[in-house]
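Peer 1:
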Amino acid sequence: MDKRKQILEIIRAVAGKEPTVAPDESLFDSGVLDSFGLQDLVTGLEKSFGVKIPDSDLTPRKFDSIERIEEYLEEHGK
Amino acid sequence: MAFLKAFGSYLPERIVTNAEIGARVGCDAEWIRNVSGIDERRFARDDESVTDLALRAATDCLERAKVHASELGMILVASGSWERQFPGPAASVANRLGLDSTPCLDMPMASAGSLFGISLASRLCASLGPILVIGAEKMSKVVEREPMERGVAILFGDGAGACLVHPSDGFARIVDCGLYSDGAYAEDLKLPFSSPLEMNGRSVILQASRKIPRAIATLLEQHRRRAADVGVFLMHQANQNLIARVAQALEVAEDKFYSNIKKFGNTSSASMLIAAAEWSTTNELAPGETLCFAAFGAGFHWGALLAEGSA
Chain X
629 MDKRKQILEI IRAVAGKEPT VAPDESLFDS GVLDSFGLQD LVTGLEKSFG VKIPDSDLTP
689 RKFDSIERIE EYLEEHGK
Chain G
3 MAFLKAFGSY LPERIVTNAE IGARVGCDAE WIRNVSGIDE RRFARDDESV TDLALRAATD
63 CLERAKVHAS ELGMILVASG SWERQFPGPA ASVANRLGLD STPCLDMPMA SAGSLFGISL
123 ASRLCASLGP ILVIGAEKMS KVVEREPMER GVAILFGDGA GACLVHPSDG FARIVDCGLY
183 SDGAYAEDLK LPFSSPLEMN GRSVILQASR KIPRAIATLL EQHRRRAADV GVFLMHQANQ
243 NLIARVAQAL EVAEDKFYSN IKKFGNTSSA SMLIAAAEWS TTNELAPGET LCFAAFGAGF
303 HWGALLAEGS A
C-alpha cells in the first residue's frame, strides 16, 4: 500500500473521522488529533510499518503532520 | 525491610469548580471534565502556606499511625510550589511538630516527589527509624500567575499528603521500586521563579503514556507478578485520561487505579498520597496482595513502587 495512504488510514482510525488536513498542516493545531491521540498514532505507526520508535524520538514535532511522519519513516528506511 | 505504616492528607476547604476556573481562562466546565476528568479542586486560603498544608497532612498521618512525632528518624518533604528558594518547608514542619534536632530533607520535586520520597525513605529507615514523607503543594499561586494559561489553570489544586515509612511495622511491606530520570525533557515542564508554569502538554502526555506503564511492567516482571494480580494502583493524579491510558497499556481495568482527581484535581507531589490516604480509609490490603504506586513529573522523573500486604 502507498505510504501516505497507510498513514492516513492510521490517522483516520485514531481520530475516528476523516482527516481533512493538508499534508504539511499540523494534525494537532487543526484539531484532527489531541495529545492522547499522538500516542495512539505512534503505536499505529510502529505496528503498521514495523518500526520501533524510541522514547528519544517521541517529540510531537516529528509527528505533527503527514509530511513529517513520512520524513521520519523515510529516515528510518520505511 | 521497610513498611507502609499509614497515610494522611489535608485538603483546604475552598472548593473551586470548573465553572469558576473556566470563567477565568475562557473555557466551559464540560470541556475541562472531558480533557482532564476534573470537576473541582481545592484552593488554600491566602494565609495558608505549603508548610501549613504539610503540617496538617503530617498530623493526620501520625494520628492514624499512632506514632508520636518524637519517634521520627527523619522528615522528607517534596514540593514544587514552595514559596521561597530556601530553606524549604521540611525543617519548619519538624519545628511545628515539636522537634528540634530530627534531620529533615526538602525535595524540590513536583509530581513524582512523593514516590521518590517513599523510595528513599524505604532505604534509609533501617538506620534512621520511622520516616515521615510528605508531599505538599499550593499550586493555586502558580496557576494564578499572569498570564493565566488555560491548559495549566484547569488542572491544578492545593493539598498535602503524607506517608509514614516504618522499619519494622506496617500494613504493607515495601518490596522494591524502580526510579528513573531524564533531563532531556527538563524544558518541557518547568516552573521559573516568578513567571507562569510552562508545560509542553503533548510531550508530557506522550512520554508519560509510555514511561509509566513501562516502569510498572518492568518492576512487576522483576518480581514475577502480573498487573492483573495487583490489588490497587495508586498513581499520581495528573489527568484521568492518562490514568485510563496507563490501565489500558497494562491491560487492567481502569477501576483498579484508585482515582479522586475528579474532586481534587492535580495536586502535583501531594496527589499520590492524597489518593492513598483516601483509599486507605475505606480499603484494606489483604495479606500478600500487591499495591503499586506510580508517578511521573517534571524533570522528567518517573517510576513505580511495589508493596505487599503484611501477614
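So the sequences go chain by chain: X and G.
If you count by the numbering used here, then the first sequence holds residues 629 to 706, one letter each, in order.
If you count by the numbering used here, then the second sequence holds residues 3 to 313, one letter each, in order.
Every residue, glycine too, gets a C-beta built ideally from N, C-alpha and C.
1. Applying the 10 Å Cβ sphere with the 16-neighbour rule, what's the burial state of D108 (chain G)?
2. If the cut-off is 8 angstroms on Cβ atoms, which residues from the stretch 207 to 240 of chain G count as contacting chain X, listed in chain order?
3. Do you know offhand how far G137 (chain G)'s Cα is from Q224 (chain G)'s?
4. D184 (chain G) to L666 (chain X), Cα distance in whole Å?
5. Near E148 (chain G), what residues of its chain come up, given a Cβ to Cβ distance below 8 angstroms and the 5 sequence neighbours on each side ignored?
6. So V679 (chain X) and L686 (chain X) are supposed to be a Cβ contact under 8 angstroms. How far apart are they, rounded?
7. Would you kindly work out how many angstroms separate the C-alpha atoms of F677 (chain X) and F664 (chain X), rounded to a whole number?
8. Tell me the rounded alpha-carbon separation between G311 (chain G) and F5 (chain G).
9. Name, going along the chain, the residues of the stretch 240 to 272 of chain G whose beta-carbon falls closer than 7 angstroms to a beta-carbon of chain X.
10. Return the residues of the stretch 639 to 669 of chain X that lie within a Cβ-Cβ distance of less than 7 angstroms from chain G, sorted by chain order.
11. For the beta strand (DSSP E) containing V649 (chain X), list its first residue and its last residue.
12. Going along the chain, which residues of the stretch 191 to 207 of chain G sit with their C-beta nearer than 7 angstroms to a C-beta in chain X?
13. Closer than 7 angstroms: is that where the CB of H704 (chain X) sits relative to any heavy atom of the ligand MG?
14. Quick one: does L686 (chain X) have its CB under 8 angstroms from some CB of chain G?
15. Let's test the definition: count the other Cβ atoms within 10 Å of the Cβ of M3 (chain G) and tell me whether it reaches 16, buried, or not, exposed.
16. Out of curiosity, what's the CA-to-CA distance linking I681 (chain X) and F295 (chain G)?
17. At 3 residues or longer, what runs of the beta strand (DSSP E) sit wholly inside the stretch 630 to 686 of chain X?
18. Who are Y12 (chain G)'s beta bridge partners in DSSP?
19. If you check the beta carbons only, do L236 (chain G) and A210 (chain G) fall under 8 angstroms apart?
Peer 2: Taking the coordinates as given:
1. buried
2. I207, L208, Q209, S211, R212, K213
3. 28 angstroms
4. 21 angstroms
5. P198
6. That belief does not hold up - the Cβ atoms of V679 (chain X) and L686 (chain X) are roughly 13 angstroms apart, past 8 angstroms.
7. In a straight line, the C-alpha of F677 (chain X) is about 20 angstroms away from that of F664 (chain X).
8. 9 angstroms
9. N243, R247
10. F656, S663, F664, L666, Q667
11. Taken as a continuous stretch (DSSP letters only), V649 (chain X) belongs to no beta strand (DSSP E), as it is neither H nor E.
12. G203, R204, S205, I207
13. Of ligands this structure carries none, so the ligand MG is not represented either.
14. yes
15. exposed
16. 27 angstroms
17. none
18. G:A162
19. no
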